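Asks:
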Amino acid sequence: MDRLSAMVAERVEARRRGIVAAAGALGVEARVEGEVVRLSGPGLKRRWMGDLALREAGRNSGGGR
C-alpha cells in the first residue's frame, strides 16, 4: 500500500504543478501552499473582471469564506 500511496501523492503533486503552470501562462500568479494552490495578483483580477462565467461560478460555488 505504501507504493500506491506514493504514486497517488506524486500524481497529486504533478496536478498542482500543472495548475500553477497553467495559471502562470494566463498571467496569474500561483503557488502551492501545502495541499492548496493559491492564485493571486493583478492577472487574477483581470481574468475575474473580464469573464462573467468565471465570476458567476465563484459566486455560486458556496465555498466562500
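Numbering of the sequence shown is given in my numbering, commencing with residue 22 and proceeding in unit increments. We treat Cβ as the ideally placed atom computed from N, Cα and C, and that holds for glycine. Just so we're clear, the structure is a prediction, and the values are computed from it rather than from any experiment.
Could you tell me which residues DSSP puts in a beta bridge with A51?
Replies: Residue numbering aside, residue 51 sits at position 30 when the sequence shown is read from its first letter. According to DSSP, A51 bridges with L60.
Asks: Output the distance between the C-alpha atoms of E31 and M70, rounded to the nearest integer angstrom.
Replies: Indexing the sequence shown from 1 puts residue 31 at position 10. Indexing the sequence shown from 1 puts residue 70 at position 49. If I take the Cα positions, the gap works out to 34 Å.
Asks: By the DSSP assignment, the alpha helix (DSSP H) with D72 in it spans what residues?
Replies: As a first step, residue 72 is located in the sequence shown; it is residue number 51 there, counting from the start. Counting along the chain, D72 falls outside any alpha helix (DSSP H), and DSSP gives it neither H nor E.
Asks: Would you kindly work out how many angstroms separate the C-alpha atoms of G48 and R24, rounded to a whole number?
Replies: Taking the sequence shown and counting its residues from 1, the one referred to as residue 48 is at position 27. Taking the sequence shown and counting its residues from 1, the one referred to as residue 24 is at position 3. Computed Cα separation, rounded: 36 Å.
Asks: Is it right to say A44 is buried, meaning 16 or more other beta carbons lie within 10 angstroms of its own, or is it exposed?
Replies: The residue given as residue 44 occupies position 23 in the sequence shown. When all chains shown are included, A44 counts as buried.
Asks: Would you mind giving the Cβ-Cβ distance between V41 and V53, rounded to the nearest angstrom? I have them listed as a contact below 8 Å.
Replies: Walking along the sequence shown from the start, residue 41 turns up at place 20. Walking along the sequence shown from the start, residue 53 turns up at place 32. Indeed, because the Cβ distance is near 6 Å, the residues count as touching under 8 Å.
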